[in-house]
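A.B. asks:
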Amino acid sequence: MTRYTVEFGYLGEGRPVPDLTVDTDDINEFHRAVAKHAIPYMRPVLTDMGHPEAADCFFQTNTDRTMGQFVWLDLAAGKGARFCAARITAAEVRKAGE
1381 MTRYTVEFGY LGEGRPVPDL TVDTDDINEF HRAVAKHAIP YMRPVLTDMG HPEAADCFFQ
1441 TNTDRTMGQF VWLDLAAGKG ARFCAARITA AEVRKAGE
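Reminder that position 95 of the sequence shown reads as 1475 in the working numbering, one-by-one numbering, no gaps.
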């Protein structure tokens, strides 16, 4: 099992998203857990910044999963944005009895 610790960066003038720890070996589950945790904190900040549509976003990571960011895309309009970078630390977690 892998324990991911996510430290969220700035959005606007502050760091509205509290850090998160997720235990999983499923990278898709990890991405969904990060988005589910962070979006409710980011939504009011994005609205105050005049970009409420950006809350309809997803979380992506680099290939070695040491950093990530949120991505918003409007394919029809040809627009997009990356925001709220995050530092990711991964560590193996042994199950009890191992």
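C-beta: ideal position from N, C-alpha, C; glycine also.
Decide if the segment 1398–1410 is in contact with the segment 1424–1433; the criterion is three or more beta carbon pairs, one per stretch, under 8 Å apart.
C.D. replies: no
A.B. asks: Hey, how far is the Cα of residue 1457 from the Cα of residue 1434?
C.D. replies: 14 Å
A.B. asks: Out of curiosity, what's the CA-to-CA distance linking residue 1464 and residue 1454?
C.D. replies: 18 Å
A.B. asks: What is the rounded straight-line gap between the Cα of residue 1423 and the Cα of residue 1472?
C.D. replies: Roughly 32 Å separates the two Cα atoms.
A.B. asks: Name the residue from 1469, 1436, 1470 and 1474 whose alpha carbon lies nearest to the alpha carbon of residue 1461.
C.D. replies: 1436
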